[in-house]
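Accompanying notes for the structure given below.
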Amino acid sequence: MRNHEITNVQPLLDEKGNLREPGWSRSLVQQYDRSMIKAPKWRIKEWDYYLVMGKDFAGAFTISDDGYIGLQSVSLLNFKERSWEHTETVLNAFPMGKLKHPSDSSKGDVVYEDKRLKIHFSIEEGKRHITCHFEKFCNNKPFDCDIVLEQPPMDTMVIATPWDKDAHFYFNQKINCMRASGYMTYDGVIYKFDPKTDFGTLDWGRGVWTYDNTWYWGSGNTDIDGKAFGFNIGYGFGNTSAATENILFYDGKAHKLDDVEFCIPESGYMDPWKFTSSDGRFEMDFIPVLDRAAKMDFKILVSDQHQVFGRMSGRAVLDDGTEIRIKDVLCFAEKVHNRY
Numbered sequence: 020m021r022n023h024e025i026t027n028v029q030p031l032l033d034e035k036g037n038l039r040e041p042g043w044s045r046s047l048v049q050q051y052d053r054s055m056i057k058a059p060k061w062r063i064k065e066w067d068y069y070l071v072m073g074k075d076f077a078g079a080f081t082i083s084d085d086g087y088i089g090l091q092s093v094s095l096l097n098f099k100e101r102s103w104e105h106t107e108t109v110l111n112a113f114p115m116g117k118l119k120h121p122s123d124s125s126k127g128d129v130v131y132e133d134k135r136l137k138i139h140f141s142i143e144e145g146k147r148h149i150t151c152h153f154e155k156f157c158n159n160k161p162f163d164c165d166i167v168l169e170q171p172p173m174d175t176m177v178i179a180t181p182w183d184k185d186a187h188f189y190f191n192q193k194i195n196c197m198r199a200s201g202y203m204t205y206d207g208v209i210y211k212f213d214p215k216t217d218f219g220t221l222d223w224g225r226g227v228w229t230y231d232n233t234w235y236w237g238s239g240n241t242d243i244d245g246k247a248f249g250f251n252i253g254y255g256f257g258n259t260s261a262a263t264e265n266i267l268f269y270d271g272k273a274h275k276l277d278d279v280e281f282c283i284p285e286s287g288y289m290d291p292w293k294f295t296s297s298d299g300r301f302e303m304d305f306i307p308v309l310d311r312a313a314k315m316d317f318k319i320l321v322s323d324q325h326q327v328f329g330r331m332s333g334r335a336v337l338d339d340g341t342e343i344r345i346k347d348v349l350c351f352a353e354k355v356h357n358r359y
């Protein structure tokens, strides 16, 4: 059954390290246990990624353990007239579980500290707290932030998909529509978040990936008359015959979509895109304003990323047929090819 919803609490993996029940769920009903994985430690990937977006700026924060390499990064993005971004990354060799990522997104802190970077993700009752100090972030100037994301009881997007290889799986949770408050500071400028209009998203992932992958992912949030609306769209994350991760969120409830296609123009990432869905429930135009592009080629390790930020306009349809129209909502959509 396509878009099979998992509702029973159960271990994520069986005794062979394969998914017990591929599909999607509204919360972490499947229980991740790193010790159940039947792949080498250097193939296990665990990460927490937060994106917090204001009206014309954003911050992104990553703590990740990709087995043979750790990647800790901070991005500051400014979408005003002369848009710009800066991403600073710290790489670590062979962390292989040393960062101790929690097995459940609802509890446990995620921390990384060295002489230059201190980044801390903590969970409080109904809230997520992001603090960071990055020495010599850009032009020898530091970056700091203290951000709180509100997480009342709400549906999320959890996906469990197999790769076409034994003991390989993708287990991921997206939490949209978390109202953001707090600030970021850099170069004498304070970027303040307003919970009436600004939101954070969590991308929480655990799994064992195959070596060569191309994926597409997009996400956005906005306020519609005091009610939060958000979406998560994407593909390329394993075998999606049981379920996709395409979904709408409105006023705390999830509305499941089928396939969504990213229509990226051959003329370039900064030309207008379109998004269309197989069920007709997500039809959008996207005007890019900034391509956060990054390319790395170490022969064995290759990464070609285009995380494109822009403004989305169009229509989405909830499960009951209610039509939601949005205009110029700041969001992102990306295409990423990795060999790692």
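Take the sequence shown: its position 291, counted from the start at 1, is 310 in our numbering, and no numbers get skipped.
Built from N, CA and C at the ideal position, the CB exists for glycine as well.
Predicted model, so just to flag it, every value in this text is computed and none were measured.
CB contact flag (residue i, residue j, <7 Å)
i, j, result
"THR180", "GLY257", "yes"
"GLY333", "GLU302", "yes"
"GLU104", "ASP84", "no"
"LEU309", "PHE294", "no"
"GLU169", "LYS146", "yes"
"ALA335", "GLN324", "no"
"PHE140", "PHE153", "no"
"TYR337", "PHE188", "Per the sequence shown, residue 337 should be read as Leu rather than Tyr. Cβ distance not < 7 Å, so LEU337 and PHE188 don't count as in contact."
"LEU221", "TYR69", "yes"
"ILE82", "ASP67", "yes"
"GLY253", "GLU264", "yes"
"CYS196", "GLY249", "yes"
"TRP234", "VAL355", "yes"
"LYS184", "THR150", "no"
Euclidean distance between Cα positions of residue i and residue j
i, j, result
"ASP33", "VAL227", "14 Å"
"ASN22", "PHE351", "24 Å"
"LEU90", "PRO172", "31 Å"
"ALA199", "SER125", "18 Å"
"ILE319", "ASP278", "32 Å"
"ARG135", "ASP174", "37 Å"
"MET331", "LYS35", "43 Å"
"VAL348", "LEU95", "19 Å"
"SER102", "CYS164", "20 Å"
"ARG300", "ILE194", "21 Å"
"PRO114", "LYS60", "9 Å"
"TRP223", "ILE142", "14 Å"
"GLU24", "SER54", "25 Å"
"ARG225", "LYS346", "34 Å"
Backbone secondary structure at residue i - three-state DSSP
i, result
"MET72", "strand"
"LYS193", "strand"
"CYS176", "For the record, residue 176 in the displayed sequence is Met; it is not Cys. Looking at MET176 - three-state DSSP - the assignment turns out to be strand."
"TRP15", "No statement about residue 15 is possible, as the shown extent of the chain runs from 20 to 359 and does not include it."
"ARG62", "helix"
"ARG53", "helix"
"PRO30", "strand"
"PRO284", "coil"
"HIS274", "strand"
"VAL279", "strand"
"MET289", "coil"
"VAL265", "A small correction: the amino acid at residue 265 is Asn; Val does not occupy that position in the sequence shown. ASN265 falls in the coil class under three-state DSSP."
"LEU47", "coil"
"THR216", "coil"
"LEU90", "strand"
Supposed close pair residue i, residue j - CB separation, criterion 8 Å
i, j, result
"LEU47", "VAL177", "6 Å"
"ILE166", "PHE98", "Between PHE98 and ILE166 the Cβ distance is about 18 Å, and since that is not below 8 Å, they are no contact."
"ASP244", "LYS215", "About 12 Å separates the two Cβ atoms, so there is no contact after all."
"GLU107", "PHE156", "5 Å"
"GLY86", "ILE63", "5 Å"
Distance cut-off 6 Å: residue i Cβ against heavy atoms of the ligand NAP
i, result
"GLY127", "Judged by which ligands are present, the structure shown has none, so any question about the ligand NAP falls away."
Within the region 100–169, ranges of the beta strand (DSSP E) (whole runs, at least 3 residues): List check, beta strand (DSSP E) in window: 103–112, 129–132, 136–143, 146–157, 160–169.
Contained alpha helix (DSSP H) runs [length at least 4] in the region 223–256, N- to C-terminal order: none
Within the region 291–319, ranges of the beta strand (DSSP E) (whole runs, at least 3 residues): 292–296, 301–316
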